[in-house]
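> This note's numbering puts the first residue of the sequence shown at 621, with every later residue one more than the last. Can you read through this structure? Questions will come right after.
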Amino acid sequence: MRFINKDPEGYVPISIVASFKKIKALISSNSQLASVLRNSSKLVVSEDGKKVRRLHLLSESDMEELQSRVVVAENLPEDHCHQNLMKIFSAVGR
């Protein structure tokens, strides 16, 4: 969200998307990612291929709803794998 809010048109640097672990496993360069994302019916890639945004920007109510789902967890143990996090957070519900 912080990157979307930094750009008046809602663009995010493609390098941010390329840094996601699952994306890294699938692509070899930012230009390759831009090429793939240009085929999306939900995303728009800038002409220079350096930024990407949603075709239909989030509305205010979408943004509020998204913010209502955000949880900030601090002071997590070093072994914060999925299984350990599930054990920690299962005490407070699903």
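Think of the CB as a built atom: it goes at the ideal place given N, C-alpha and C, for glycine as much as any other residue. All figures in this text were calculated on a predicted structure; none of them were measured in a lab.
Buried or exposed for residue 634, please, with buried defined as at least 16 other CB atoms from any protein chain shown within 10 angstroms of its CB.
Working through the sequence shown from its first residue, we reach residue 634 at position 14. Result: buried.
> In three-state terms, what does DSSP make of residue 653?
The residue given as residue 653 occupies position 33 in the sequence shown. In this structure, residue 653 counts as helix in the three-state DSSP scheme.
> Suppose you measure from the CA of residue 712 to the CA of residue 655; what does that come to, to the nearest Å?
In the sequence shown, counting from the first residue as 1, residue 712 sits at position 92. In the sequence shown, counting from the first residue as 1, residue 655 sits at position 35. Rounded to the nearest angstrom, the two C-alpha atoms are 43 angstroms apart.
> Does the region 668-676 come into contact with the region 699-708, if we say contact requires no fewer than three beta-carbon pairs (one atom in each stretch) closer than 8 angstroms?
Output reads no: the region 699-708 does not touch the region 668-676.
> Within 10 angstroms of the Cβ of residue 638, are there 16 or more other Cβ atoms? Answer buried if so, exposed if not.
The residue you call residue 638 lines up with position 18 of the sequence shown. With 16 or more Cβ atoms within 10 Å of its Cβ, residue 638 is classed as buried.
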